[in-house]
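Taking this note's numbering, the leading residue of the sequence shown gets 59, the next gets one more, and so forth. Take a look at the structure below.
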Amino acid sequence: MQRTVIHMKNYFYLLSLLVFAGLTSCNETSQEASSESKDKSIDLENPEMLKVGNRLFSIPSPVQTAILVQQSGAEYDKNILNDESKFNSYETKTQKGLNLGVYGADLGYVNLYGQTQDAIDYLNAVKALSDDLGVSGAFSEDFILSFQENLGNTDSLLIMVSEAYKMVDQYLQNNQSNDLGGLILAGGWIEALHFSTQAYKISKSEGLKQRIGEQKFSISNLIKMLTTYANSSSEEYKKVINQLIEIEKLYDQVTVNYEYSEPEVIEENRLTIVHNKTEVELDDVLVDQITAKISDLRASIIQ
Numbered sequence: 059m060q061r062t063v064i065h066m067k068n069y070f071y072l073l074s075l076l077v078f079a080g081l082t083s084c085n086e087t088s089q090e091a092s093s094e095s096k097d098k099s100i101d102l103e104n105p106e107m108l109k110v111g112n113r114l115f116s117i118p119s120p121v122q123t124a125i126l127v128q129q130s131g132a133e134y135d136k137n138i139l140n141d142e143s144k145f146n147s148y149e150t151k152t153q154k155g156l157n158l159g160v161y162g163a164d165l166g167y168v169n170l171y172g173q174t175q176d177a178i179d180y181l182n183a184v185k186a187l188s189d190d191l192g193v194s195g196a197f198s199e200d201f202i203l204s205f206q207e208n209l210g211n212t213d214s215l216l217i218m219v220s221e222a223y224k225m226v227d228q229y230l231q232n233n234q235s236n237d238l239g240g241l242i243l244a245g246g247w248i249e250a251l252h253f254s255t256q257a258y259k260i261s262k263s264e265g266l267k268q269r270i271g272e273q274k275f276s277i278s279n280l281i282k283m284l285t286t287y288a289n290s291s292s293e294e295y296k297k298v299i300n301q302l303i304e305i306e307k308l309y310d311q312v313t314v315n316y317e318y319s320e321p322e323v324i325e326e327n328r329l330t331i332v333h334n335k336t337e338v339e340l341d342d343v344l345v346d347q348i349t350a351k352i353s354d355l356r357a358s359i360i361q
């Protein structure tokens, strides 16, 4: 039976999903929250409900996966990340959107391992791609400076990123750019699954194996979300969907049994304790096949 203590309720979707992943360290044992984050929480085990356009999709955040990678005992390995200096090599909207998601997940990974300089470098890559995509207002020079000054201060960073998210989300809605939001989310999800599969090669952690298997439902939701905007998108965009469909075929062999239990709320400590049980059935041969496919897809994105 899984038992997780969570705090800081109301985890944001789309761009905040990836940036918040990079800026939040998520202390699982903490039983205190600041007044600003009183009603905020992160459930490390369950997917987030994300709104894209007028539809809701259930997809786990990169920070959830990065935390599991760290907890598996895997050491920090920058080699599994996308090179932060490559941001200026991406030319199309699809490349930039996907890699903004990739870099956001990378930002989460390096921050969880306390890699301050790398965190700054990846934030700069996120900002550069945001500039190119026209959503730079969320990452002004003042924001970057404040980020650097508040590294390690989770509550302050949470407030900063929530404000940045509101600006980006408003831009995407006003400009009817939900396809861009989908690309960002897809890039973050792909990179997070990449973390999991690469770490599993070394640690053989059952927790990571569970997380890899649980993506059976997430990939289905991701494909549905991206397909919503496929008719008005580029061939490059559609190619990513087709590659995801090939991975989904492998997930048809995965069996997932999920048992929901009512969460325990401790109001005096502003805590929610989740008691859920998920059983995933897949063998290492299938994990290896998924690993190869996700590596190929990621390579085509970050090249």
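Note that CB positions come from ideal geometry on N, CA and C, so glycine has one too.
Span of the beta strand (DSSP E), counted from its first residue to its last, around residue i
i    : result
N140 : Element bounds for N140: n/a, residue is neither H nor E.
V193 : Looking at the DSSP string, V193 is not in any beta strand (DSSP E), and its letter there is neither H nor E.
Which residues DSSP lists as bridging residue i, in chain order
i    : result
V312 : Its beta-bridge partners do not exist; DSSP assigns none.
K377 : No statement about residue 377 is possible, as the shown extent of the chain runs from 59 to 361 and does not include it.
Bounding residues of the alpha helix (DSSP H) (the contiguous stretch that carries residue i)
i    : result
V343 : D342 to I360
E264 : E264 to T285
Pairwise C-alpha distance: residue j and residue i
i    : j    : result
Q206 : D179 : 11 Å
T123 : K144 : 24 Å
P321 : N140 : 37 Å
L251 : K267 : 11 Å
L280 : S263 : 25 Å
G277 : I324 : One point to set straight first is that residue 277 is Ile, not Gly, in the sequence displayed. Whole-angstrom Cα-Cα distance: 33 Å.
I348 : E339 : 14 Å
R356 : I242 : 13 Å
G246 : D164 : 8 Å
K335 : Q273 : 15 Å
K259 : A350 : 12 Å
L81  : L126 : Low confidence applies to L81: its pLDDT is 37, below 50, so where it sits in the model is not reliable enough to give any reading.
E149 : Q173 : 29 Å
T255 : Q128 : 13 Å
V160 : A183 : 10 Å
F300 : V343 : Note on identity: in this sequence residue 300 is Asn, with Phe being the wrong assignment. If you take the alpha carbons of N300 and V343, they lie about 23 Å apart.
S74  : G239 : No answer about S74 holds up, because its pLDDT of 41 lies below 50 and its placement is not dependable.
E293 : E249 : 22 Å
I305 : E326 : 45 Å
D200 : L181 : 13 Å
K151 : D176 : 25 Å
V134 : E142 : It is Tyr, not Val, that sits at residue 134 in the sequence shown. The straight-line gap from Cα to Cα measures roughly 16 Å.
A244 : A132 : 24 Å
K296 : K136 : 30 Å
Y287 : D237 : 6 Å
L308 : D346 : 11 Å
Neighbourhood of residue i by C-beta distance below 6 Å, restricted to the same chain and skipping five residues each side
i    : result
E337 : N315
N104 : Interpretation of N104 is limited by its pLDDT of 47, a score under 50 that renders its predicted location unreliable; the figure taken from the coordinates is listed afterwards. Excluding residues within five positions, none has a Cβ falling inside 6 Å.
L187 : F145, K154 and L158
I359 : L156
Close beta carbons around residue i, own chain, < 7 Å, minus the five adjacent residues each side
i    : result
D190 : K154
Y167 : A124, L139 and F253
S130 : A257, S261, S263, G265 and L266
I303 : I281
I352 : I248, L251, H252, T255 and I305
Sequence-distant residues of its chain with Cβ nearer than 8 Å to residue i (five each side left out)
i    : result
V312 : G271, K274, V338, E339, L340 and L344
T285 : I299
D354 : Q301
S291 : T152 and D237
Y171 : Q128 and Y134
**Report entry** Every unbroken alpha helix (DSSP H) inside the region 138-172 [4 residues or more]
**Finding:** 151-170
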